[in-house]
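Engineer: Numbering (the UniProt record's numbering), first residue to last: 1 to 259.
Every residue, glycine too, gets a C-beta built ideally from N, C-alpha and C.
Quick one: this structure, given as structure tokens, is what I'll be asking you about.
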Amino acid sequence: MEIIILPTPDDVARTAADAIEDQVRRGPSVLGLATGSTPLGTYRELIDRHRNGGLSFAAAQAFLLDEYVGLPASHPQSYHSVIRAEFTASVDFNAGAVHGLDGMARDPQAEAAEYEARIAAAGGVDVQILGIGTDGHVGFNEPMSSLASRTRIKTLTRQTRLDNARFFDAAEDVPDHVLTQGLGTIRDARHLLLLAMGEAKAEAVAAAVEGPVGAFCPASALQLHPHVSVLLDEAAASRLAHRGYYQDTFSRKPAWQGL
């Protein structure tokens, strides 16, 4: 893991956008997009670079990380709607280039298998954006998820439903089930960008980066990936035992800028 500690959330957003821009400018690319509050600054930065810096997504495709079961794509809190409002409608992805799971699929397991096939047919994901939950989940891979899991239906924990209640009128409105890319699916992406900001994420970050690899902290499975960039602000890095080492070794220039 490449641990990059930055002064502020804005610095995290700009550095993540640098990695995505670098990939997109190389040619046709497949991006993995996450929702939630963590990547919002990165998406705003990419929109600005599209509008003012000539960054085009016309040759790119994107795959969403997960989706609520039981919400139609038109629902304002479906991840189809959220990612469109936050990012894709403001740049120049071609029609049909942004792919998501169907939360209303009559057969969720078949939908999950078909989604895996679509990712494979696109050549796999080049850069996957990830956040981390306070319990260490990535995507909706909750604690005790298989480290080799593929896209599938999952039941949300009470903690995750409470964490996501801020996006709904009430906690009981948060769906109980989701479709999510599995940890094995996520680890198939060629470059993982794990973003975390704020002290509330510090304990989960420390467990994911410095703790043992195990299902209790799903994000720890990312330690097994050959190219992970963990972008943290000072608060999210505050529980790291080897914080000084990471700052001395990695913070000055991310590795992808030297490739």
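Do residue 222 and residue 138 have their CB atoms nearer than 9 Å?
Structural biologist: The residue given as residue 222 occupies position 222 in the sequence shown. The residue given as residue 138 occupies position 138 in the sequence shown. Closer than 9 Å, so yes.
Engineer: Taking only the alpha-carbon atoms, compute the straight-line gap between residue 212 and residue 220 and give it to the nearest angstrom.
Structural biologist: Within the sequence shown, the letter at position 212 stands for residue 212. Within the sequence shown, the letter at position 220 stands for residue 220. C-alpha separation (whole angstroms): 7 Å.
Engineer: Measure the C-alpha to C-alpha separation of residue 179 and residue 129 and round it to an integer number of angstroms.
Structural biologist: For the purposes of this step, residue 179 is taken as the residue at position 179 of the sequence shown. For the purposes of this step, residue 129 is taken as the residue at position 129 of the sequence shown. Spanning the two alpha carbons is a distance of roughly 17 Å.
Engineer: Can you tell me which residues form a DSSP beta bridge with residue 2?
Structural biologist: One-based indexing of the sequence shown puts residue 2 at position 2. Answer is 229.
Engineer: Using the DSSP secondary-structure output, state which residues sit across from residue 80 in a beta bridge.
Structural biologist: The residue labelled residue 80 in the question sits at position 80 within the sequence shown. In the DSSP output, where bridge partners are listed per residue, residue 80 has none listed.
Engineer: Could you give the distance in angstroms between the alpha-carbon of residue 95 and the alpha-carbon of residue 189?
Structural biologist: Taking the sequence shown and counting its residues from 1, the one referred to as residue 95 is at position 95. Taking the sequence shown and counting its residues from 1, the one referred to as residue 189 is at position 189. So the two alpha carbons sit approximately 23 Å from each other.
Engineer: From 154, 91, 134, 146, pick the residue whose C-alpha is nearest to that of residue 43; which is it?
Structural biologist: To locate residue 43, count along the sequence shown from 1; it is residue 43. Of the candidates 154, 91, 134, 146, the one whose C-alpha sits nearest the C-alpha of residue 43 is 91.
Engineer: Could you spell out the range, first to last residue, of the beta strand (DSSP E) harbouring residue 196?
Structural biologist: For the purposes of this step, residue 196 is taken as residue 196 along the sequence shown, with counting starting at 1. It spans 191-196 - the beta strand (DSSP E) in which residue 196 sits, taken as one unbroken run.
Engineer: Alpha carbon to alpha carbon, what distance is there between residue 175 and residue 105?
Structural biologist: For this step, residue 105 is matched to residue 105 along the sequence shown. For this step, residue 175 is matched to residue 175 along the sequence shown. So the two alpha carbons sit approximately 15 Å from each other.
Engineer: Since I believe residue 146 is in contact with residue 183 (beta carbons under 8 Å), could you give me their beta-carbon distance rounded to a whole number of angstroms?
Structural biologist: Within the sequence shown, numbered from 1, the residue matching residue 183 stands at position 183. Within the sequence shown, numbered from 1, the residue matching residue 146 stands at position 146. With 8 Å as the limit, residue 183 and residue 146 qualify as a contact, their Cβ atoms being about 7 Å apart.
Engineer: Helix, strand or coil for residue 67? Go by DSSP, reduced to three states.
Structural biologist: Taking the first residue of the sequence shown as 1, we reach residue 67 at position 67. Residue state, collapsed to three classes: strand.
Engineer: State the Cα-Cα distance for the pair residue 20 and residue 41, rounded to the nearest angstrom.
Structural biologist: Numbered from 1 along the sequence shown, position 20 holds the residue referred to as residue 20. Numbered from 1 along the sequence shown, position 41 holds the residue referred to as residue 41. Rounded to whole angstroms, residue 20 to residue 41 spans 13 Å at the Cα level.
Engineer: Between the Cα of residue 263 and the Cα atoms of 51, 7, 181, which residue gives the shortest distance?
Structural biologist: Any question about residue 263 goes unanswered here, given that the chain covers just 1 to 259.
Engineer: When DSSP labels each residue in this structure, what does residue 99 get in the three-state scheme?
Structural biologist: By one-based count along the sequence shown, residue 99 stands at place 99. Reduced to three states, the DSSP call for residue 99 is strand.
Engineer: Is DSSP giving residue 152 helix, strand or coil here?
Structural biologist: Here residue 152 refers to the residue found at position 152 when the sequence shown is read from its first residue. The answer is strand: DSSP assigns residue 152 an E or B state.
Engineer: Compute the Euclidean distance between the alpha carbons of residue 234 and residue 7, then round it to the nearest angstrom.
Structural biologist: The residue you call residue 234 lines up with position 234 of the sequence shown. The residue you call residue 7 lines up with position 7 of the sequence shown. Straight-line Cα distance between these residues: approximately 6 Å.
Engineer: Closer than 6 Å by C-beta to residue 202: which residues in its own chain qualify, once you throw out the five before and the five after it? Chain order, please.
Structural biologist: Along the sequence shown, read from residue 1 onward, the residue named residue 202 stands at position 202. Excluding sequence neighbours, residue 202 sits near 236, 238, 239.
Engineer: Does the distance from the CB of residue 101 to the CB of residue 151 come in under 9 Å?
Structural biologist: The sequence position of residue 101 within the sequence shown is 101, counting from 1. The sequence position of residue 151 within the sequence shown is 151, counting from 1. Yes, the pair counts as a contact, with Cβ atoms nearer than the cut-off.
Engineer: For residue 251 and residue 83, what's the separation of their Cα atoms in angstroms?
Structural biologist: For this step, residue 251 is matched to residue 251 along the sequence shown. For this step, residue 83 is matched to residue 83 along the sequence shown. Residue confidence for residue 251 is low, a pLDDT of 49 falling below 50, so the modelled location carries little weight and cannot support an answer.
Engineer: Tell me the DSSP secondary structure of residue 240 in three-state form.
Structural biologist: Translated into positions along the sequence shown, residue 240 becomes position 240. Reduced to three states, the DSSP call for residue 240 is coil.
Engineer: Residue 129 lies in the beta strand (DSSP E); which residues open and close that run?
Structural biologist: Counted from its first residue, the sequence shown places residue 129 at position 129. That run of the beta strand (DSSP E) goes 127-130.
Engineer: Measure the beta-carbon distance from residue 210 to residue 171 and round it to whole angstroms, keeping in mind my assumption that it falls under 8 Å.
Structural biologist: Locating residue 210 in the sequence shown gives position 210, where the first residue counts as 1. Locating residue 171 in the sequence shown gives position 171, where the first residue counts as 1. Rounded, the Cβ-Cβ distance is 32 Å, inconsistent with contact.
Engineer: Could you tell me which residues DSSP pairs with residue 33 in its beta bridges?
Structural biologist: Residue numbering aside, residue 33 sits at position 33 when the sequence shown is read from its first letter. Looking at the DSSP assignment, residue 33 forms a beta bridge with 64.
Engineer: Using the Cβ count rule (16 or more neighbours within 10 Å means buried), how would you classify residue 163?
Structural biologist: The sequence position of residue 163 within the sequence shown is 163, counting from 1. Buried.
Engineer: For residue 214, which three-state DSSP category applies?
Structural biologist: One-based indexing of the sequence shown puts residue 214 at position 214. In the structure shown, residue 214 sits in a strand (DSSP, three-state: E or B).
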